[in-house]
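Colleague:
Protein chains: 4
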Amino acid sequence: MLAIEIKAPDLTQTTSSEAIAKLLQVLPHVLSYATSFIVIGVIWINHHALFHFIKRVDRTILVINLLLLMCVAFISYPTALIGEYGSSLPVVVFYGLSLAITGFAHNALWFYVLHRYLKTEITIHQTVVQKATVWTLSYPISYLVAAGLAFMSLNLSIILYALIPTFYLLPGIIDKQLIKQA
Amino acid sequence: MLAIEIKAPDLTQTTSSEAIAKLLQVLPHVLSYATSFIVIGVIWINHHALFHFIKRVDRTILVINLLLLMCVAFISYPTALIGEYGSSLPVVVFYGLSLAITGFAHNALWFYVLHRYLKTEITIHQTVVQKATVWTLSYPISYLVAAGLAFMSLNLSIILYALIPTFYLLPGIIDKQLIKQA
Amino acid sequence: MLAIEIKAPDLTQTTSSEAIAKLLQVLPHVLSYATSFIVIGVIWINHHALFHFIKRVDRTILVINLLLLMCVAFISYPTALIGEYGSSLPVVVFYGLSLAITGFAHNALWFYVLHRYLKTEITIHQTVVQKATVWTLSYPISYLVAAGLAFMSLNLSIILYALIPTFYLLPGIIDKQLIKQA
Amino acid sequence: MLAIEIKAPDLTQTTSSEAIAKLLQVLPHVLSYATSFIVIGVIWINHHALFHFIKRVDRTILVINLLLLMCVAFISYPTALIGEYGSSLPVVVFYGLSLAITGFAHNALWFYVLHRYLKTEITIHQTVVQKATVWTLSYPISYLVAAGLAFMSLNLSIILYALIPTFYLLPGIIDKQLIKQA
Chain A
157 MLAIEIKAPD LTQTTSSEAI AKLLQVLPHV LSYATSFIVI GVIWINHHAL
207 FHFIKRVDRT ILVINLLLLM CVAFISYPTA LIGEYGSSLP VVVFYGLSLA
257 ITGFAHNALW FYVLHRYLKT EITIHQTVVQ KATVWTLSYP ISYLVAAGLA
307 FMSLNLSIIL YALIPTFYLL PGIIDKQLIK QA
Chain D
157 MLAIEIKAPD LTQTTSSEAI AKLLQVLPHV LSYATSFIVI GVIWINHHAL
207 FHFIKRVDRT ILVINLLLLM CVAFISYPTA LIGEYGSSLP VVVFYGLSLA
257 ITGFAHNALW FYVLHRYLKT EITIHQTVVQ KATVWTLSYP ISYLVAAGLA
307 FMSLNLSIIL YALIPTFYLL PGIIDKQLIK QA
Chain Z
157 MLAIEIKAPD LTQTTSSEAI AKLLQVLPHV LSYATSFIVI GVIWINHHAL
207 FHFIKRVDRT ILVINLLLLM CVAFISYPTA LIGEYGSSLP VVVFYGLSLA
257 ITGFAHNALW FYVLHRYLKT EITIHQTVVQ KATVWTLSYP ISYLVAAGLA
307 FMSLNLSIIL YALIPTFYLL PGIIDKQLIK QA
Chain U
157 MLAIEIKAPD LTQTTSSEAI AKLLQVLPHV LSYATSFIVI GVIWINHHAL
207 FHFIKRVDRT ILVINLLLLM CVAFISYPTA LIGEYGSSLP VVVFYGLSLA
257 ITGFAHNALW FYVLHRYLKT EITIHQTVVQ KATVWTLSYP ISYLVAAGLA
307 FMSLNLSIIL YALIPTFYLL PGIIDKQLIK QA
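Chains as they are written, first to last, in my numbering: chain A, 157 to 338; chain D, 157 to 338; chain Z, 157 to 338; chain U, 157 to 338.
Written as structure tokens, this is what we have:
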């Protein structure tokens, strides 16, 4: 995995208040790190829910998983960038696009599982499948939109980047269906 | 995960005794690293014991786990800081607060499991649950107190930071109850 | 594991177009990283398929696995090098040789499993085993050939490095046999 | 885990032969890395064999495991040091001591499992247990001896460091007993 490294600030010969100020300068890094962590966590949690429907881990799933893992591992790079240069338009757009691509990789897994395993499940309603598809697709699309809004306001983009995954921490449509069936 | 990197000291053109002196300068880093490792380890061991009571990994547990994992992964940063600047008040307080927050994240898991799964267990005595709750809560609170004592003495704080987790390596109340029931 | 670290470019006091140009300079790193990731992923996927035939993880398998893991963990080093110095002949050859050696380590696992476990399986045709052996051996040999072609054209080598694993993402001979038998 | 970082050499404006020379300068790092990897691997493999005898992962095992893991994670630091300063006596001794301490941590696990679980196993001969104990203890003691020999010859120590684990890759006494019983 690509490592994120937050450089420790130089605190030699500083007063306490200067040290606090320098420590607070790291805050954007911490926020970008927390955002990326939750984004990846949301994908991981939904991944977990999705695997309830998979009977046998076939080669296609392994390949999609590999691409997803590659995207996830790569995210540390735009995360470090936006933590350092949060006021640079290309960096903010690049961060949003990276999260969007990772979301699309996760979508690929959903669509594969849907067509290969869920189509034959009579117990699952078509409306549930449709809602879950919209819910899943809206994740990367939200990041595309948030990345696009960076041309208007960088701060708006950054706030949206952090807000989007929190919606997905709530129980999703797939989970609710699972609970109903249990 | 955030990587902790201990910079290798420059040992070119040094005598053996100078090299030993330079290697010993790394000692604070090693101590802070060991402390953080044991703190995380204690949480992991108690985590292990806690999961005996969980019937099904539900979404709430996944979300709390995600936040806990985020705290754990973040700890490497204050660890690197206190290893470098152990005589800086803000750094020592920051380290203690980070460990306290991680402890509270772990507490959240305990309280969730308690209310969702243990309340219905007739076999577990209410007094055991109360003792375990006090035991669990006292972990992050000890770190808050130790962080507060840094305003009196930095060394006292650092010694407490290292001592607190060793108490929790002893068999906990949840474990003892588990053994009794087995 | 050896960590790959992509240095964030210095974007202070740059215009948007300069920032984009600097971000694009990281592209070779991203490509070399993606290539290595897929190479390791292919080995992991085939590893997964191979373990279907293993009844008990014996000590020889653990030792080969250890050597394979060591090669895999080492790959990050030539990956970082080729990302930085893609126009240096020794670096390009070194990268190819590292991937070839990793492939041979994986081959060792295949040959061991073949002689220890598959020889006694009556259900598997000898022709299938032969095809799978050729398929497996051709992986590291392709990297040797690609590394050799670097003396003619560096770009040809680099393109081949990236193309070779994509062939192996397709269902392999072992998998097809497995599906037939299921 | 502490990250080992091998700095990529600066290959800008070098001829092919200069680049090769610079790449070869990294060789000591690669050797120290490989040695540490195999040392940790040997412990991991024996760990694997040992866990066959453990009925329930109890708290003591978790605590010893935690200390073992801490030692293992720490090894990357002396590894990076000896790769850089292989001709410095304190560094070579430090490396050997680190490996010895890690070995003793693993021994603690062996002695615990022996007294807690194996004493009651009637099927295992006392002579087998004694041989296995000598075999296990001789691992860290060999590293102590090799570290001591550094005062005579640094190269002798380094060669021994690399040779010792290879002996332990051969099937151990615990394994042979396991195979006999199967």
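Cβ coordinates follow ideal geometry from the N, Cα and C atoms, glycine included.
Helix, strand or coil for residue 168 of chain A? Go by DSSP, reduced to three states.
Modeller: coil
Colleague: Identify, in the order they occur along the chain, each residue of the same chain with its Cβ nearer than 7 Å to the Cβ of residue 158 of chain U, setting aside the five sequence neighbours on each side.
Modeller: Summary for residue 158 of chain U: the model assigns pLDDT 45, below 50, so the residue's position carries little reliability; its value from the coordinates is reported in the next sentence. Cβ neighbours of residue 158 of chain U beyond the five flanking positions: 229, 230, 232, 233.
Colleague: Roughly how many angstroms lie between the CA atoms of residue 354 of chain Z and residue 180 of chain Z, to the nearest whole one?
Modeller: Residue 354 of chain Z falls outside the range modelled here, since chain Z spans only 157 to 338, and no answer is possible.
Colleague: What first and last residue would you give for the alpha helix (DSSP H) that runs through residue 248 of chain D?
Modeller: 245–269
Colleague: Here's the rule I'm using: 16 or more other beta-carbon atoms within 10 Å means buried, otherwise exposed. How should residue 185 of chain A be labelled?
Modeller: buried
Colleague: Measuring only between beta-carbons, confirm whether residue 244 of chain D sits less than 9 Å from chain A.
Modeller: Judged by the 9 Å Cβ criterion, residue 244 of chain D is in contact with chain A.
Colleague: If you count every other CB in all the chains shown that lies within 10 Å of the CB of residue 320 of chain A, and 16 or more means buried, which is it?
Modeller: buried
Colleague: Report the neighbours of residue 197 of chain Z on chain A: residues whose CB is nearer than 7 Å to its CB, in chain order.
Modeller: 222
Colleague: For residue 175 of chain D, would you say it is in contact with chain U, using Cβ-to-Cβ distances shorter than 9 Å as the test?
Modeller: yes
Colleague: With respect to the alpha helix (DSSP H) encompassing residue 141 of chain D, which residues constitute its N-terminal and C-terminal limits?
Modeller: Here chain D comprises residues numbered 157 to 338, so residue 141 of chain D is not present and cannot be evaluated.
Colleague: Grab the span of the alpha helix (DSSP H) containing residue 192 of chain U for me, first residue to last.
Modeller: Per DSSP, residue 192 of chain U belongs to the alpha helix (DSSP H) from 183–206.
Colleague: Between which two residues does the alpha helix (DSSP H) holding residue 322 of chain A run?
Modeller: Its alpha helix (DSSP H) spans residues 310–325.
Colleague: What in chain A is Cβ-close to residue 231 of chain Z, meaning under 8 Å?
Modeller: Ordered by position in chain A, no residue passes the 8 Å Cβ test against residue 231 of chain Z, which lies about 13 Å from the chain.
Colleague: In this structure, does DSSP put residue 213 of chain A in helix, strand or coil?
Modeller: coil
Colleague: Give me the Cα-Cα distance between residue 115 of chain U and residue 223 of chain U, rounded to the nearest whole angstrom.
Modeller: It is not possible to answer for residue 115 of chain U, since the shown part of chain U is limited to 157 through 338.
Colleague: Which value, in whole angstroms, describes the spacing of the CA atoms of residue 213 of chain Z and residue 197 of chain U?
Modeller: 15 Å
Colleague: Listed from N- to C-terminal order along the chain, which residues in the stretch 292–325 of chain D have their beta-carbon within a distance smaller than 7 Å of any beta-carbon of chain A?
Modeller: none
Colleague: So that I know if they touch, is there some Cβ in chain Z lying closer than 9 Å to that of residue 213 of chain A?
Modeller: yes
Colleague: Could you compute how far the alpha carbon of residue 257 of chain Z sits from the alpha carbon of residue 170 of chain D?
Modeller: 38 Å
Colleague: Do residue 246 of chain A and residue 175 of chain Z come within 9 Å of each other at the CB atom, strictly closer than that value?
Modeller: yes
Colleague: Look up residue 228 of chain Z in the DSSP assignment and say whether it is helix, strand or coil.
Modeller: helix
Colleague: Give a yes or no on whether the C-beta atoms belonging to residue 268 of chain A and residue 220 of chain A are separated by under 9 Å.
Modeller: Between residue 268 of chain A and residue 220 of chain A, the gap from beta carbon to beta carbon is short of 9 Å.
Colleague: Could you name the residues of the same chain whose beta carbon sits closer than 7 Å to that of residue 167 of chain D, not counting the 5 residues immediately before and after it, in chain order?
Modeller: 175, 178
Colleague: Using C-beta distances below 6 Å, list every residue in its chain close to residue 264 of chain A, excluding the 5 sequence neighbours before and after it, in chain order.
Modeller: Counting only residues of its own chain and dropping the five nearest sequence neighbours on each side, residue 264 of chain A has a CB closer than 6 Å to the CB of 220.
Colleague: Could you name the residues of the same chain whose beta carbon sits closer than 6 Å to that of residue 339 of chain U, not counting the 5 residues immediately before and after it, in chain order?
Modeller: Outside the displayed span of chain U (157 to 338) sits residue 339 of chain U, for which this structure offers no information.
Colleague: So, with DSSP's three-state summary, where would you put residue 241 of chain U?
Modeller: coil
Colleague: On a CA-only basis, which of A:202, A:253, A:217, A:210 is nearest residue 314 of chain A? Give me that one, please.
Modeller: A:253
Colleague: Quick one: which chain C residues come within Cβ less than 9 Å of residue 207 of chain U?
Modeller: Of the chains in the structure shown, none is chain C; the protein chains are A, D, Z and U.
Colleague: Taking the C-alpha atoms as reference points, what is the distance between residue 237 of chain Z and residue 182 of chain Z?
Modeller: 13 Å
Colleague: Measure the beta-carbon distance from residue 194 of chain D to residue 215 of chain U and round it to whole angstroms, keeping in mind my assumption that it falls under 8 Å.
Modeller: Incorrect: roughly 14 Å between the Cβ atoms, too far for contact.
Colleague: Measuring CA to CA, which of A:172, A:306, A:292, A:189 is closest to residue 266 of chain A?
Modeller: A:292
Colleague: Using a Cβ-Cβ cut-off of 9 Å, state whether residue 170 of chain A counts as contacting chain D.
Modeller: Yes, residue 170 of chain A lies at the interface with chain D (some Cβ there is under 9 Å from its Cβ).
Colleague: Run through DSSP, which three-state label would residue 275 of chain D get?
Modeller: coil
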